[in-house]
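With the sequence shown counted from 1, adding 525 to any position gets you the numbering used here. Ideal Cβ placement from N, Cα and C applies to all residues, glycine included. From a predicted model like this one, the values you see are computed outputs, not experimental measurements.
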Amino acid sequence: MKRSRMLLILILMMLFSFCIGLEAFAQDSIKIIIDGNVVDEKPNPFIKDSRTLVPVRLISEKLGAEIIWDEYNRTVEIIKGSKSVMLTIDSHLVKYKSENEDEFYNLCDVAPEIINSRTFVPIRLVSNALGVEVEWNKDTRTVIVDTSKSADIKPFFDVKISSVKSGQVINGKTDLQVEIPNEIKGATEIKYILINSNSTKGFIVGRGNNLSARYDFFPSMEDNGEKILVAAIYDDKGKFL
526 MKRSRMLLIL ILMMLFSFCI GLEAFAQDSI KIIIDGNVVD EKPNPFIKDS
576 RTLVPVRLIS EKLGAEIIWD EYNRTVEIIK GSKSVMLTID SHLVKYKSEN
626 EDEFYNLCDV APEIINSRTF VPIRLVSNAL GVEVEWNKDT RTVIVDTSKS
676 ADIKPFFDVK ISSVKSGQVI NGKTDLQVEI PNEIKGATEI KYILINSNST
726 KGFIVGRGNN LSARYDFFPS MEDNGEKILV AAIYDDKGKF L
């Protein structure tokens, strides 16, 4: 009698767990609507660190953009008209080109990644870079893209390097300092990183636990050429914020 009862309980527990799994799957599903049409092609989008990531080829084609994939440098460039955005797999660095052919850089909080041979990118980053408005409906977990509504590029962060200017020539000791208008929760360290624009790789030229302090940068001969200076903020576990 006891054996039958235990078996029944086990089956009920397994059934209960299965139901929970289905419910969790339903809650995790994301819907994308572009110009009133539901995008239901596979693979499915997913959320990572509060950002919706989508297959880059799928979303680019829906937005009428061209894709250039560089296998060697692991970069993907998305072009629409005179605007473009270039992303590097597993890198937070983003390169933009505006309608006026001006090039500039910024950081995204979630890096593009490859899953099962598919490249996933933050949909808001791509849409805004191409000048398209994106809305998020939290209640229905729906991303709404309307190509008839234009949008400017919206930086992911308010942090700005205030001590140097874009295009500035550095040939001696230089102060590094940022402006942080809003508190960054969990921030414990700032790193100033000098990055090669071609390889998107770099090295730290200044760091400390006082985010708003001034730090000294002493350039060397190896730093010659055009470089990108990045101010990146991390938590106590070394996670990029």
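| Asked | Found |
| --- | --- |
| Same chain only: Cβ atoms within 6 Å of ARG576, ignoring 5 sequence neighbours per side | VAL635, PRO647 |
| Cα-Cα separation between ARG666 and ASP574, rounded to whole angstroms | 15 Å |
| Secondary structure, alpha helix (DSSP H): runs of 4+ residues fully inside the region 567-615 | 581-587 |
| Within the region 705-766, ranges of the beta strand (DSSP E) (whole runs, at least 3 residues) | 714-721, 727-733, 740-742, 752-759 |
| Selected residue, minimal CA-CA separation from GLY750, among ASN641, ILE592, TRP594, ASN721 | ASN721 |
| Residue burial classification, ILE557 (beta-carbon count within 10 angstroms, cutoff 16) | buried |
| Same chain, Cβ closer than 6 Å to ASP683, neighbours up to 5 away in sequence not counted | PRO706, ASN707 |
| Same chain, Cβ closer than 7 Å to GLU660, five either side skipped, listed in chain order | ILE669 |
| DSSP state of ILE678 mapped onto helix, strand, coil | coil |
| LEU655 in three-state terms, based on DSSP | coil |
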